[in-house]
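Data block below; observations after.
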Amino acid sequence: MKVFYSEVCLKHAPKHEIISGNLIDYLESPSRLIIIKEYLNSLSNFDFVSPNDYGLDPILSVHSKDYVEYLQTAYEEWVKNGGNKNGILPEAFLHHNISSSSSIKRKVKVTSPFAKAGLYCSDLSCCITKDTWESVYESAQVVISATMELKRFVEESSSEEINHFPGIFALCRPPGHHANSILSSGYCFLNNVAISTNVLKKDNNKVVILDIDYHHGNGTQEIFYLNSNPLYVSLHGSPDYPWFTGDESERGEGEGEGFNINIPLSRDTDDDEYLKALKKVINENIIPYNADYLIVSLGGKFLNIEII
1 MKVFYSEVCL KHAPKHEIIS GNLIDYLESP SRLIIIKEYL NSLSNFDFVS PNDYGLDPIL
61 SVHSKDYVEY LQTAYEEWVK NGGNKNGILP EAFLHHNISS SSSIKRKVKV TSPFAKAGLY
121 CSDLSCCITK DTWESVYESA QVVISATMEL KRFVEESSSE EINHFPGIFA LCRPPGHHAN
181 SILSSGYCFL NNVAISTNVL KKDNNKVVIL DIDYHHGNGT QEIFYLNSNP LYVSLHGSPD
241 YPWFTGDESE RGEGEGEGFN INIPLSRDTD DDEYLKALKK VINENIIPYN ADYLIVSLGG
301 KFLNIEII
């Protein structure tokens, strides 16, 4: 199996974050990626491949131009205006109830880097350092490159070869499924799986996103909530971060109604219960959807008791 990977993804390395009121070492650290790479390197059936650079266009198919420009320039503006050089952490967030007047919400123009920090972020996990954009951009390029290689293989191969194809692994960080089109969240800045999906959809392919990270992929859900393609399926722990999304009642809207499937599971769910839920959604929803491509959003946090 080909594994797309880049050392540049290791450069994003904030020192601290705040969880449950405690200042702790940053959990989404480069070591998480290093451990996986070292293990795969010890096996004989994984070949590491460096990504190509496909530019900003695939990223801008998902994320707003203003948001992407913010990620590119945020750290420099922050430091220039007196912000801590260790990185950006918001001191105030744009909550939907901050004003009862919709006219005020429309007229407010955010120019301060300290205000932008809370405009484009929803929590305290997305510290932006001097190297964050470089890693975030490279993480997206790893996924785009893996997607393009997958497309190439499918287009050039026979049905029999495709049926025996093991797939392609994009090993990257920062992760992506909590980021929505205009907001960083849960260690995520760009939604890699959404970017990959849009690359595949350009050729009118049908896509299934199977999200089996322990936490609900609120960003992926938001991006595709009004769409019938892709079919988004999430199995996740509940109640848990991001706290306010992931209920079974969230099934999509408009054209997307019925194409957003959330399967919240209690923290004490055992292997048999998990596999039963997974097999059920595969047989009843994923297979009948008859997709051209399956993308697995794999965080791996369900494998242990990690806080993230």
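Yeah, the sequence shown ends on 308 if you go by the UniProt record's numbering, and it's all consecutive. Note that beta-carbon positions come from the ideal geometry of N, C-alpha and C, so glycine has one too.
Contact under 9 Å by Cβ, residue i with residue j
i: I261; j: V296; result: no
i: E257; j: C127; result: no
i: A140; j: N192; result: yes
i: E149; j: I168; result: yes
i: V208; j: Y289; result: yes
i: E222; j: S181; result: yes
i: D123; j: P264; result: no
i: H216; j: G252; result: no
Expected contact under 8 Å - CB spacing of residue i and residue j to nearest Å
i: N81; j: K15; result: Wrong, their Cβ atoms sit about 20 Å apart, outside the cutoff.
i: S135; j: V3; result: Contact flag wrong, Cβ pair sits at about 18 Å.
i: residue 355; j: N227; result: Absent from the model: residue 355. The displayed extent of the chain is 1 to 308, so no value can be given.
i: N218; j: V62; result: Wrong, their Cβ atoms sit about 15 Å apart, outside the cutoff.
i: L200; j: T147; result: 6 Å
i: L33; j: L171; result: 7 Å
Cα-Cα separation, residue i to residue j
i: K11; j: T132; result: 7 Å
i: N52; j: Y5; result: 10 Å
i: L89; j: A74; result: 11 Å
i: A13; j: T220; result: 24 Å
i: S31; j: N285; result: 36 Å
i: E306; j: N283; result: In this prediction, E306 has a pLDDT of 47, which is less than 50 and means its spatial position is unreliable; what the coordinates show is noted afterwards. Distance between the alpha carbons of E306 and N283: 30 Å.
i: F302; j: G176; result: Low per-residue confidence applies at F302: pLDDT is 48, beneath 50, and the placement is therefore not dependable enough to give any value.
i: L231; j: D240; result: 23 Å
i: V143; j: L60; result: 15 Å
i: G118; j: E160; result: 51 Å
i: F259; j: A291; result: 12 Å
i: I19; j: C188; result: 16 Å
i: Y274; j: V110; result: 45 Å
i: D272; j: E91; result: 43 Å
i: L298; j: I35; result: 15 Å
i: S112; j: D66; result: 14 Å
i: S185; j: A194; result: 15 Å
i: R173; j: S145; result: 14 Å
i: I308; j: R267; result: Confidence is the limiting factor: at I308 the pLDDT is only 47, short of 50, which leaves the residue's position unreliable, though a coordinate-based value still follows. Distance between the alpha carbons of I308 and R267: 14 Å.
i: E76; j: L183; result: 19 Å
i: V68; j: L56; result: 9 Å
i: V49; j: K202; result: 24 Å
i: H164; j: S99; result: 56 Å
i: I24; j: N204; result: 45 Å
i: S64; j: S238; result: 30 Å
i: Y225; j: S42; result: 40 Å
i: T269; j: V79; result: 45 Å
Among the options, nearest to residue i - alpha-carbon criterion
i: S44; options: G219, E155 and M1; result: M1
i: T129; options: I209, Y70, N290 and P242; result: Y70
i: L210; options: L200, H236, S185 and E222; result: H236
i: S196; options: Y120, N84, L294 and I212; result: L294
i: S29; options: G55, S125 and Y120; result: S125
i: G83; options: H95, A115, F93 and Y54; result: A115
i: H178; options: N163, L94, D203 and Y214; result: Y214
i: C121; options: L23, K280, F93 and Y54; result: F93
i: P166; options: Q72, D47, G254 and H96; result: D47
i: I212; options: I162, K279, R152 and E255; result: K279
9 Å Cβ cutoff, residue i in contact with chain B
i: P166; result: The displayed structure is made up of one protein chain only, and chain B is not part of it.
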